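This report refers to the structure that appears directly beneath it.
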Amino acid sequence: MEEVECYRIVWETYKPTFAPEDCFNMLPGHWYGGAEMDTQDWPLEKGNRTMVPFVSSDLRAEPEGFGSVLDRYFLSSMGVAVIIDDNVPLHVGTSREKLCLKAWYDRSPFPNPNSAQPMLNYSLCVGSDVKAVHKYVVDNVLPRVNTTKSVPDTTQMQLPRWVTWPYLKSKINTTTVNNYAASIVNNSLAHGVLEIGDGYSTKYGDFDFDQTKFPDPVGMIGQLKQEQFKVSLWAHPFANYDSMTFVEGLRKGHWVNSAKGNAPGIVKWWNGYGTVIDVTSKDARTWFIGKTRSLLQDYGCDGVYFDGGEVSYLPAGFVTESEPVVPDEYATMYVSEIAAEFGPSTQVSVGYKTQDVPMFVRMTERRSTWGDRRGLKSVIPTALTMGILGYPFVNPGPVGGSSEDMPDPELYVRWMELAIFLPVIEFSWPPWQFGEEMVQFAQKMLKLREDVVIAPTIKLARESLETGEPIIRPLWWLAPKDNIAHVVDSEFLIGNTTLVAPILAPSTTMRDIYLPSGYKWKEGLRNGVVHDGGQMLKDYQVNLYEIAYFTRVDTEA
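Residue numbering for the sequence shown follows our numbering, beginning at 1 and increasing consecutively.
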């Protein structure tokens, strides 16, 4: 390994009103990492962000916050990494010129039971280039997977996931689910997992099917499995106050308490008002896991998607059985102590210090738009950021986004072209809703995925357990000193061999494509033409039902 030197910076204050703060000039370098964000700037200096607490939030409700996947790690193209200590009450802000870190307890979600003065402690690591210092951080700082663990369920990389939300919305029932599955089969579309999402239970938090909507869930799921679907259920840490689970958990003392600590904290989440499971309590975890496992086993389900877990859904000043050092230990325990109990088919939507749990992590729902505020343009920067933070098993969510209204057909096509090359492809709005031509196009794209993407993705997934390296990589991974590669946010690498450059704008059939220096690149779209690296292909033609990709063919001198 190339030599990396690290330095410790410790700020102490003895004045209660003083908040230690450090700012780093981001230019002339470029910065990455931190968190999933509503506008996923890659590199970070492209945008401005008001200083806010560095804790996880649901970007759908709090777009100015930091998202569901985050780590206290920032990386510069100049070969510099900043890693902030867990016990710092961290606030982060960015501008086009500065990355600023501040330690502050007052009016923040960070607990301070002993009225301690804020301390700003972090490590500054310096290496020869961005890749060298990143690999050092992966090997020595971020949690690493125990190599005895296996990769997540490869079926979910080989075959599409089909999810009922948003297409069927919460008004799902036996008929709509069966018809959805039958249409997938009848249209000769590959299928692996079918996820039954929002709306299957009577009340949010209850661990059973609504018997009015689903009079025979065992029979329905049995039929789905006969059609070669694996069946997954949506789950979450909430129990609405009108559910039977709320009453049972209240009696047992299994909910996160409000600031006074003598009653469950009622929180507003996207499906009403309820309480949140206390993941720090072993008894509460055992109870919650047992109920979830019984639900899956009673009906023959194969997996579960654990949604939620962000700090923004915890009561203000929350009290748990064991006090966390930082609020996002809630997310850590939700994933490592609950979701991890359900095996390799499990998916989650949060990540904080859970890089050592090899599990699919789903992006926050994307809007069905072309833009960079969780629209199509945000998918690549978000996948790259999640990979740098140590989460290689990325699920980008449904093709076309998660809006409840049917996506624009052109947007759906371009989204599918991009998603085909990511570790997981997921559909909700189905191709047949757009007509027979779209069905045929989806079949063609899934065949391309089978021919070009699946085998290397599974190989890279297995390697990532050993190396901690991402599956989806920035262009600078191959050219860490290439200044142009440092700023490209609309292309990505699959491992070290395939470069993907989708169209991300409407009414467009050409784009500029940068090929990283040091290699030759063979066109996958047409004619197998080989290009030298280190150049920009100007106005490269990519028709509506096409996607540009290139394969690395050799190393230049």
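Even glycine gets a Cβ: it sits at the ideal position worked out from N, Cα and C.
These numbers were taken from a predicted model, which means no experiment stands behind them.
- Message: To the nearest angstrom, how far is the alpha carbon of residue 347 from that of residue 13?
- Response: As a first step, residue 347 must be located in the sequence shown, where it is residue number 347. As a first step, residue 13 must be located in the sequence shown, where it is residue number 13. Approximately 42 Å between the Cα atoms of the pair.
- Query: Leaving out the 5 sequence neighbours to the left and right, which residues in its chain are closer than 6 Å to residue 199 when beta-carbon positions are compared?
  - Reply: As a position in the sequence shown, residue 199 is number 199, starting the count at 1. Once the five neighbours on either side are set aside, the close Cβ partners of residue 199 are 170 and 172.
- Would you say the segment 142-157 touches the segment 115-128, given that touching needs at least three Cβ pairs under 8 Å? no
- residue 27: which of 79, 54 and 89 sits nearest, CA to CA? Reading the sequence shown from its first residue, position 27 is the one you call residue 27. Closest option to residue 27, Cα to Cα, is 79.
- Message: Let's test the definition: count the other Cβ atoms within 10 Å of the Cβ of residue 45 and tell me whether it reaches 16, buried, or not, exposed.
- Response: Here the question's residue 45 lines up with position 45 in the sequence shown. Classification for residue 45: buried.
- Message: My assumption, with CB atoms under 8 Å, is that residue 108 sits in contact with residue 48. Please give the rounded CB distance.
- Response: Stepping through the sequence shown from its first residue, residue 108 is reached at position 108. Stepping through the sequence shown from its first residue, residue 48 is reached at position 48. By a beta-carbon distance limit of 8 Å, residue 108 does not contact residue 48. Their separation comes to about 21 Å.
- Query: Would you report the Cα separation of residue 266 and residue 275, rounded to the nearest angstrom?
  - Reply: Counting from 1 along the sequence shown, the entry for residue 266 is found at position 266. Counting from 1 along the sequence shown, the entry for residue 275 is found at position 275. The alpha-carbon atoms of residue 266 and residue 275 are separated by roughly 5 Å.
- Message: Please report the straight-line C-alpha distance between residue 442 and residue 250, rounded to a whole angstrom.
- Response: As a working mapping, residue 442 is identified with position 442 in the sequence shown. As a working mapping, residue 250 is identified with position 250 in the sequence shown. Residue 442 and residue 250: Cα-Cα distance of roughly 48 Å.
- Cβ-Cβ separation, residue 278 to residue 243 (assumed contact under 8 Å), whole Å: Residue numbering aside, residue 243 sits at position 243 when the sequence shown is read from its first letter. Residue numbering aside, residue 278 sits at position 278 when the sequence shown is read from its first letter. Not really, about 16 Å apart at Cβ, beyond 8 Å.
- Taking the CB atoms as reference points, tell me whether residue 121 and residue 10 lie closer together than 8 Å. Numbered from 1 along the sequence shown, position 121 holds the residue referred to as residue 121. Numbered from 1 along the sequence shown, position 10 holds the residue referred to as residue 10. For residue 121 and residue 10, yes; Cβs fall inside 8 Å.
- Query: With DSSP run on the structure shown, which of helix, strand or coil describes residue 557?
  - Reply: As a working mapping, residue 557 is identified with position 557 in the sequence shown. Note on residue 557: pLDDT 34, under 50, position unreliable in the model; no value is reported.
- Using 10 angstroms around the beta-carbon of residue 323, count the other beta-carbons present and answer buried if the total reaches 16, otherwise exposed. Taking the first residue of the sequence shown as 1, we reach residue 323 at position 323. By the neighbour-count rule (16 or more Cβ atoms within 10 Å), residue 323 is not buried but exposed.
- Task: Verify whether the separation of the beta carbon atoms of residue 334 and residue 351 is less than 8 Å.
- Result: Locating residue 334 in the sequence shown gives position 334, where the first residue counts as 1. Locating residue 351 in the sequence shown gives position 351, where the first residue counts as 1. Their beta carbons are not under 8 Å apart, which means residue 334 does not touch residue 351 by this criterion.
- Proximal residues to residue 217 (C-beta, below 7 Å), its chain only, five neighbours per side dropped: As a working note, residue 217 is residue 217 in the sequence shown. Closer than 7 Å at Cβ, skipping near neighbours: 209 and 299.
- Message: I need the boundaries of the beta strand (DSSP E) containing residue 50, first residue and last residue.
- Response: Working through the sequence shown from its first residue, we reach residue 50 at position 50. Residues 49-53.
- Quick one: using the 10 Å Cβ neighbour count with 16 as the cut-off for buried, is residue 511 buried or exposed? Reading the sequence shown from its first residue, position 511 is the one you call residue 511. Under this definition residue 511 is a buried residue.
- Pairwise C-alpha distance: residue 410 and residue 157: The residue labelled residue 157 in the question sits at position 157 within the sequence shown. The residue labelled residue 410 in the question sits at position 410 within the sequence shown. Spanning the two alpha carbons is a distance of roughly 25 Å.
- Task: Could you check if residue 532 is buried or exposed, using at least 16 other CB atoms within 10 Å of its CB as the buried criterion?
- Result: Locating residue 532 in the sequence shown gives position 532, counting from the first residue. So residue 532 ends up on the exposed side.
- Backbone secondary structure at residue 91 - three-state DSSP: Numbered from its first residue, the sequence shown carries residue 91 at position 91. In the structure shown, residue 91 sits in a strand (DSSP, three-state: E or B).
- Message: From the DSSP secondary-structure annotation, give me the bridge partner or partners of residue 347.
- Response: As a first step, residue 347 must be located in the sequence shown, where it is residue number 347. Partner(s): 305 and 360.
- Message: In the DSSP assignment, the beta strand (DSSP E) including residue 78 goes from what residue to what residue?
- Response: Numbered from 1 along the sequence shown, position 78 holds the residue referred to as residue 78. Note, residue 78: premise wrong, no beta strand (DSSP E); not H, not E.
- Taking residue 326 and residue 18 to be in contact with their CB atoms under 8 Å, please state how far apart those CB atoms are, rounded to whole angstroms. Here residue 326 refers to the residue found at position 326 of the sequence shown. Here residue 18 refers to the residue found at position 18 of the sequence shown. So it is not a contact: roughly 21 Å between Cβ atoms.
- Message: Can you list, in chain order, the residues of its chain with a C-beta nearer than 8 Å to that of residue 3? Leave out the 5 residues immediately preceding and following it.
- Response: Working through the sequence shown from its first residue, we reach residue 3 at position 3. 127 and 128, listed in sequence order.
- Name the one or two DSSP bridge partners that residue 20 has. For the purposes of this step, residue 20 is taken as the residue at position 20 of the sequence shown. None; residue 20 has no bridge partner.
- Quick one: is residue 554 buried, meaning 16 or more other Cβ sit within 10 Å of its Cβ, or exposed? On the sequence shown, residue 554 is found 554 positions in, with the first residue counted as 1. So residue 554 counts as exposed.
- Task: Quick one: grab the DSSP three-state call for residue 240.
- Result: Residue 240 sits at position 240 when you count from the first residue of the sequence shown. Per DSSP, reduced to three states, the secondary structure at residue 240 is strand.
- residue 72 in three-state terms, based on DSSP: Counted from its first residue, the sequence shown places residue 72 at position 72. Note: residue 72 maps to strand in three-state DSSP.
- Query: Among 331, 407, 506 and 459, which has the Cα closest to the Cα of residue 353?
  - Reply: For this step, residue 353 is matched to residue 353 along the sequence shown. Among 331, 407, 506 and 459, the Cα nearest to that of residue 353 is on 331.
- Task: Out of 485, 523 and 550, point me to the one whose CA is closest to residue 31's CA.
- Result: Walking along the sequence shown from the start, residue 31 turns up at place 31. It is 485 whose Cα lies nearest to the Cα of residue 31.
- Query: If you count every other CB in all the chains shown that lies within 10 Å of the CB of residue 556, and 16 or more means buried, which is it?
  - Reply: In the sequence shown, the residue the question calls residue 556 occupies position 556. Here residue 556 scores only 44 on pLDDT, less than 50, and its place in the model is too uncertain to base an answer on.
- Query: According to the neighbour-count rule (16 or more other Cβ atoms, all chains shown, within 10 Å of its Cβ), is residue 68 buried or exposed?
  - Reply: Locating residue 68 in the sequence shown gives position 68, counting from the first residue. Answer is buried; the Cβ neighbour count reaches 16.
- Could you pull out every residue in the same chain whose Cβ sits closer than 7 Å to the Cβ of residue 419, ignoring the five residues on either side in sequence? As a first step, residue 419 must be located in the sequence shown, where it is residue number 419. Within the same chain, residue 419 has close Cβ partners 396, 399 and 425.
- Using the C-alpha atoms, what's the distance from residue 204 back to residue 238? Counted from its first residue, the sequence shown places residue 238 at position 238. Counted from its first residue, the sequence shown places residue 204 at position 204. When rounded, the distance between both Cα atoms is 7 Å.
- Query: With DSSP run on the structure shown, which of helix, strand or coil describes residue 26?
  - Reply: Numbered from its first residue, the sequence shown carries residue 26 at position 26. Correct three-state label for residue 26: coil.
- Message: If we require 3 or more residues per run, which beta strand (DSSP E) segments fall completely within the segment 480-513?
- Response: List check, beta strand (DSSP E) in window: 492-494 and 498-501.
- Does the Cβ-Cβ distance between residue 54 and residue 91 come in under 8 Å? As a first step, residue 54 must be located in the sequence shown, where it is residue number 54. As a first step, residue 91 must be located in the sequence shown, where it is residue number 91. Contact flag set, yes.
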